[in-house]
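S.K.: Mind the numbering: the sequence shown is residues 1 to 209 in UniProt numbering, read in order. All C-beta atoms, glycine included, are put in the ideal place defined by N, C-alpha and C. Let me begin by handing over the structure; questions about it come next.
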Amino acid sequence: MSLIFYTNPMSRGQIARWALHEVGADYEQKIVTYGPEMKSDYQRDVNPMGKVPAIDHDGKIVTEVAAICAYLADAFPDSELAPLADERADYYRWLFFAAGPVEASITNRNMGFEVDDPKKQGTLGYGNYELVMDTLDGLFSGRDFVCGDRFTMADVYVGCQIVWGLQFGTIPERESFKAYAARLNAREALQEARAIDMKLIAEAQAAQD
1 MSLIFYTNPM SRGQIARWAL HEVGADYEQK IVTYGPEMKS DYQRDVNPMG
51 KVPAIDHDGK IVTEVAAICA YLADAFPDSE LAPLADERAD YYRWLFFAAG
101 PVEASITNRN MGFEVDDPKK QGTLGYGNYE LVMDTLDGLF SGRDFVCGDR
151 FTMADVYVGC QIVWGLQFGT IPERESFKAY AARLNAREAL QEARAIDMKL
201 IAEAQAAQD
């Protein structure tokens, strides 16, 4: 069994690396630099979008971070990060909520694109940024993890939205978010994955000096 991980440390590849460490996967790392490299052979052979991350698992390519996370949980069942039968509803609901409304509302807000007219907000698919944040706040005000008391792969993807959002100021500093982020930051797999990416970033910056 082979698993190739295409990434750049300055990307959402950090989320996929965390997922790889959570499932305990052995993987070969291939760093893809921004610019011509990401838009040449890599774009042709791995991801037509010319972006990272991606994984090649025994010849099968998976792109899109949420899909990579869900795939790894299924591909490595011994990790017990896929949802149990009674967790599937919450698992898929909030995984796709984070990949859709959360991503879109944060990105649009950062780009300065906001719609104030309530009649037009429905066309966005998420209403408005405040509604998305209130919905997330409501979720984590009543539970420790996406599916309740148990950490699952959904927490890797949903959690990164909150961990990074607090770090970069793209989500509000609400108590439920800070408590959730603290639980995730304590995970050994996240700390291991983060250390690798931080080292790669430091090495890249040193090479430019």
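Excluding sequence positions up to five away, which residues of its chain have a Cβ less than 7 Å from the Cβ of Val132?
M.R.: For the purposes of this step, residue 132 is taken as residue 132 along the sequence shown, with counting starting at 1. These residues qualify, in order along the chain: Pro101, Val102, Ser105 and Tyr126.
S.K.: On the DSSP letters alone, give me the boundaries of the beta strand (DSSP E) that Thr63 sits inside.
M.R.: Translated into positions along the sequence shown, residue 63 becomes position 63. Thr63 -> beta strand (DSSP E) spans Lys60 to Thr63.
S.K.: Which whole runs of the alpha helix (DSSP H) in the stretch 124-166 are 4 residues long or more, in chain order?
M.R.: Entirely contained in the stretch 124-166, the alpha helix (DSSP H) runs reaching 4 residues are, in chain order, 129-140.
S.K.: Can you give the beta carbon distance from Arg109 to Tyr129, rounded, assuming they're within the 8 Å contact cut?
M.R.: Residue 109 sits at position 109 when you count from the first residue of the sequence shown. Residue 129 sits at position 129 when you count from the first residue of the sequence shown. Confirmed, Cβ separation roughly 5 Å.
S.K.: On a CA-only basis, which of Cys147, Glu64, Glu192 and Val115 is nearest Lys51? Give me that one, please.
M.R.: The residue given as residue 51 occupies position 51 in the sequence shown. It is Glu64.
S.K.: Is the stretch 173-186 close to the stretch 111-120, with three or more CB pairs under 8 Å?
M.R.: These segments do not touch.
S.K.: Please return the same chain residues whose Cβ sits closer than 7 Å to the Cβ of Leu95, not counting the five positions on each side in sequence.
M.R.: Along the sequence shown, one-based indexing puts residue 95 at 95. Correct list, in chain order: Ala66, Ala70, Ala154, Tyr157 and Val158.
S.K.: Taking 8 Å as the threshold (C-beta atoms), are Ile55 and Phe97 in contact?
M.R.: Working through the sequence shown from its first residue, we reach residue 97 at position 97. Working through the sequence shown from its first residue, we reach residue 55 at position 55. Not in contact: Phe97 and Ile55 (Cβ atoms no closer than 8 Å).
S.K.: Going by alpha carbons, who is nearest to Ala75 out of Asp134, Thr7 and Ser2?
M.R.: Here residue 75 is taken as the residue at index 75 of the sequence shown, counted from 1. The candidate whose alpha carbon is nearest that of Ala75 is Ser2.
S.K.: Are there 16 or more other CB atoms within 10 angstroms of the CB of Thr107, so buried, or fewer, so exposed?
M.R.: Locating residue 107 in the sequence shown gives position 107, where the first residue counts as 1. Answer is exposed; the Cβ neighbour count stays below 16.
S.K.: For the structure I just gave you, are there three or more beta carbon pairs, one from the stretch 34-51 and one from the stretch 16-26, closer than 8 Å?
M.R.: Touching, no.
S.K.: Can you tell me where the beta strand (DSSP E) holding Ala54 begins and where it ends?
M.R.: Residue 54 sits at position 54 when you count from the first residue of the sequence shown. Start and end: Ala54 to His57.
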